[in-house]
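Below is one structure; the comments refer to it alone.
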Amino acid sequence: MDSNAMITLAMNQIRLHLQRHPQAADTLEGVHSWWLASQEPAAITEMALQQLLANGEVETLKIGSRVLWRARRVAD
Numbered sequence: 387m388d389s390n391a392m393i394t395l396a397m398n399q400i401r402l403h404l405q406r407h408p409q410a411a412d413t414l415e416g417v418h419s420w421w422l423a424s425q426e427p428a429a430i431t432e433m434a435l436q437q438l439l440a441n442g443e444v445e446t447l448k449i450g451s452r453v454l455w456r457a458r459r460v461a462d
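Sequential numbering from 387 applies to the sequence shown in this note's numbering.
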């Protein structure tokens with residue numbers, strides 16, 4: 387599987403996880419290990435998250451030195 391296909395697969399898995407767990411938030415490492423349980427390099431997960439961020443589907447939240455990824459929340 388080429389890297390574009392791996393990124394697309396990771397994006398779809400992240401979307402599915404967030405549909406099932408809309409309040410989920412985790413670090414890159416957590417998304418890679420727990421949401422995806424991926425055997426692919428963490429760089430694939432990071433590229434998938436960056437693409438979802440660019441699409442407006444996820445957002446980041448900085449807490450201390452950690453960056454959490456979560457579904458984009460719309461302000462009330």
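Even glycine gets a Cβ: it sits at the ideal position worked out from N, Cα and C.
Proximity below 8 Å, CB of Thr413 to CB of Leu422: no
Met392 beta carbon less than 8 Å from that of Gln479: Only positions 387 to 462 of the chain appear in this structure, which leaves residue 479 out of reach.
Whether His403 touches Ala410 by CB criterion (8 Å): yes
Delimiting residues of the beta strand (DSSP E) encompassing Arg456: 452-457
Alpha-carbon spacing of Asn390 relative to Val417, whole angstroms: Answer to the nearest angstrom: the Cα atoms are 19 Å apart.
Proximity of Leu435 and Ile400 at Cβ, strictly below 8 Å: yes
Sub-8 Å separation of Arg458 and Glu443 beta-carbons: yes
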